[in-house]
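A short worksheet on the structure shown next.
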Amino acid sequence: KAGVTQTPRYLIKTRGQQVTLSCSPISGHRSVSWYQQTPGQGLQFLFEYFSETQRNKGNFPGRFSGRQFSNSRSEMNVSTLELGDSALYLCASSYVLGSTYEQYFGPGTRLTVT
Amino acid sequence: AQTVTQSQPEMSVQEAETVTLSCTYDTSESDYYLFWYKQPPSRQMILVIRQEAYKQQNATENRFSVNFQKAAKSFSLKISDSQLGDAAMYFCAYRSAFVVEGGSEKLVFGKGTKLTVNP
Chain A
1 KAGVTQTPRY LIKTRGQQVT LSCSPISGHR SVSWYQQTPG QGLQFLFEYF
51 SETQRNKGNF PGRFSGRQFS NSRSEMNVST LELGDSALYL CASSYVLGST
101 YEQYFGPGTR LTVT
Chain B
1001 AQTVTQSQPE MSVQEAETVT LSCTYDTSES DYYLFWYKQP PSRQMILVIR
1051 QEAYKQQNAT ENRFSVNFQK AAKSFSLKIS DSQLGDAAMY FCAYRSAFVV
1101 EGGSEKLVFG KGTKLTVNP
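Below, the structure written as C-alpha cells:
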C-alpha cells in the first residue's frame, strides 16, 4: 500500500506570495491532518479534515487555510507569505479502527520564504 | 489544554547500549493515547510505539519499550541494544481517545530529543 505523499517536496517563495501544498493520504484513510514544524516552535497542529469537513483548527492566522476533496486528498494554502512561514509542513493521514489508532506521516514539504 | 514536555534536548548512547528518553505530559482527561515518533534526517516521521492509557501493561515493540506511569503522567522510551540507525529526533506525542465522527485526532507533540548513537 502506498504511503502518504506530499507535493511538492521543496518550495521557495518570495514574501507576499501565496502557496498551495498538496497531500494524498493512504488509500482508505479519510482523515488528514497538517502540522508545521520549525526549529523554534517545534511541531504545531494546523488543522484536520475528515470527509471534506474541517474538524479542528490550530492557533494560526487566517492566512492559513485548507480543504479536503471527495477522494480525501487535501490541500493547504498560505497567502501573503511571511519569512516566519518558512518551515517543514507535514501531512498525516489516519483511520480509526476500534481501539487501534494509526497516524501515518508524509515526507513533508520544505517551504522557504525569502 | 494538553501539554507534552521532553526535558532532554539531546542524548547520546554507545552502540549496543541502552538509553531512556523521558517524556511528561499534562492532561485532565482520563483516556488518551501516547506515542513515540522517530524523525531521522530524512524528516519522515515514523511511529515507534503506542500506548493506550487504559492499558496497565507497558507497550513493547522489539527493542523499544515504554515505562508508562499514569499517575505521574510520565511516558519514557527505552531503546535496548542501540543501533546506528536509531540516531534521530524522537518526539513524544499525546492524543485524546475521545474520537467520534466530528471529534479530533490532533496530536500534541513535545519539543523532541535528539539521539546520537556512537559507534
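Those protein sequence lines, which keep their order, are chains A and B. Residues in the first sequence are numbered consecutively from 1, following my numbering. Residues in the second sequence are numbered consecutively from 1001, following my numbering. C-beta: ideal position from N, C-alpha, C; glycine also.
Practice item. May I ask you to report which of helix, strand or coil DSSP gives B/D1031? Key: Stepping through the second sequence from its first residue, residue 1031 of chain B is reached at position 31. DSSP places B/D1031 in coil when its eight states are reduced to three.
Review point. Apart from the five residues just before and just after A/R110, which ones in its own chain have a Cβ nearer than 6 angstroms to its Cβ?
Key: Against the first sequence, residue 110 of chain A aligns to sequence position 110. Listed in chain order, the non-local C-beta contacts of A/R110 below 6 angstroms within the same chain comprise Y10, L88, local neighbours out to five positions each way being set aside.
Check your understanding: Nearest chain B C-beta to A/T5 closer than 9 angstroms, yes or no?
Key -> Residue 5 of chain A sits at position 5 when you count from the first residue of the first sequence. By this cut-off, A/T5 is not an interface position.
Review point. So, does the CB of B/G1112 fall closer than 9 angstroms to a CB anywhere in chain A?
Key: Working through the second sequence from its first residue, we reach residue 1112 of chain B at position 112. Yes, its Cβ sits closer than 9 angstroms to a Cβ of chain A.
Check your understanding: What is the C-beta distance between B/V1117 and B/A1087, in whole angstroms, given that I count them as a contact (C-beta under 8 angstroms)?
Key -> Your numbering for residue 1117 of chain B matches position 117 in the second sequence. Your numbering for residue 1087 of chain B matches position 87 in the second sequence. With 8 angstroms as the limit, B/V1117 and B/A1087 qualify as a contact, their Cβ atoms being about 5 angstroms apart.
Point to revise | Separation of A/F69 from B/V1037, as counted between CA atoms | key: By one-based count along the second sequence, residue 1037 of chain B stands at place 37. By one-based count along the first sequence, residue 69 of chain A stands at place 69. Correcting the residue identity first, residue 1037 of chain B is Tyr in this sequence and not Val. Rounded to the nearest angstrom, the gap between the Cα atoms of B/Y1037 and A/F69 is 28 angstroms.
Practice item. Go to A/G3, then tell me how far its beta strand (DSSP E) extends in each direction, as first and last residue. Key: The residue you call residue 3 of chain A lines up with position 3 of the first sequence. Segment: none, A/G3 is in no beta strand (DSSP E) and carries neither H nor E.
Exercise for review: List the residues of chain A whose Cβ lies closer than 9 angstroms to the Cβ of B/E1105, in chain order.
Suggested key: The residue you call residue 1105 of chain B lines up with position 105 of the second sequence. In chain order: S31, S33, E48, F50, R55, N56, A92, S94, V96, Y101, Q103.
Review point. In chain order, what residues of the same chain have a beta carbon less than 7 angstroms from the beta carbon of A/T20, not counting five sequence neighbours either side?
Key: Here residue 20 of chain A corresponds to residue number 20 of the first sequence, with the count starting at 1. Beyond the five residues adjoining it in sequence on each side, A/T20 comes within less than 7 angstroms, by CB distance, of E75, N77 in the same chain, given in chain order.
Review point. List, in order along the chain, the chain B residues whose C-beta lies closer than 8 angstroms to that of A/L11?
Key: Stepping through the first sequence from its first residue, residue 11 of chain A is reached at position 11. Annotation: A/L11 has no Cβ neighbours in chain B at a cutoff of 8 angstroms; minimum Cβ distance is about 14 angstroms.
Check your understanding: For A/L21, does the three-state DSSP call read helix, strand or coil?
Key -> Position 21 of the first sequence, counting from 1, holds the residue named residue 21 of chain A. In this structure, A/L21 counts as strand in the three-state DSSP scheme.
Review point. A/I144 and A/S93 look like a contact to me (Cβ under 8 angstroms); what is the Cβ gap, rounded to whole Å?
Key: No information on residue 144 of chain A is available, as it lies outside the stretch 1 to 114 that chain A covers here.
Point to revise | Residues that B/K1038 bridges to, as DSSP identifies them | key: Start at 1 with the first residue of the second sequence, and residue 1038 of chain B comes out as number 38. As a beta-bridge residue in DSSP terms, B/K1038 pairs with B/I1046, B/Y1090.
Review point. Got a sec: is the Cβ-Cβ distance from A/G118 to anything in chain B below 9 angstroms?
Key: Missing from the structure shown is residue 118 of chain A; chain A here goes from 1 to 114 and no further.
Practice item. Classify B/L1084 as helix, strand or coil using the three-state DSSP reduction. Key: Here residue 1084 of chain B corresponds to residue number 84 of the second sequence, with the count starting at 1. Looking at B/L1084 - three-state DSSP - the assignment turns out to be helix.
Check your understanding: What residue ranges within the region 52-98 of chain A form continuous beta strand (DSSP E) runs of no fewer than 3 residues, ordered along the chain?
Key -> Unbroken beta strand (DSSP E) stretches of 3 residues or longer found wholly inside the region 52-98 of chain A: 53-57, 64-68, 74-78, 87-97, given in chain order.
Exercise for review: Look at the Cβ atom of B/A1071, then the Cβ atom of B/L1034, and state whether they are nearer than 9 angstroms.
Suggested key: One-based indexing of the second sequence puts residue 1071 of chain B at position 71. One-based indexing of the second sequence puts residue 1034 of chain B at position 34. Their beta carbons are not under 9 angstroms apart, which means B/A1071 does not touch B/L1034 by this criterion.
Review point. How many angstroms separate the CA atom of B/M1089 from the CA atom of B/F1075?
Key: Within the second sequence, numbered from 1, the residue matching residue 1089 of chain B stands at position 89. Within the second sequence, numbered from 1, the residue matching residue 1075 of chain B stands at position 75. The straight-line gap from Cα to Cα measures roughly 16 angstroms.
Point to revise | Neighbourhood of A/T7 by C-beta, 7 angstroms cutoff - its chain only, sequence neighbours within 5 removed | key: In the first sequence, counting from the first residue as 1, residue 7 of chain A sits at position 7. Within the same chain, A/T7 has close Cβ partners S22.
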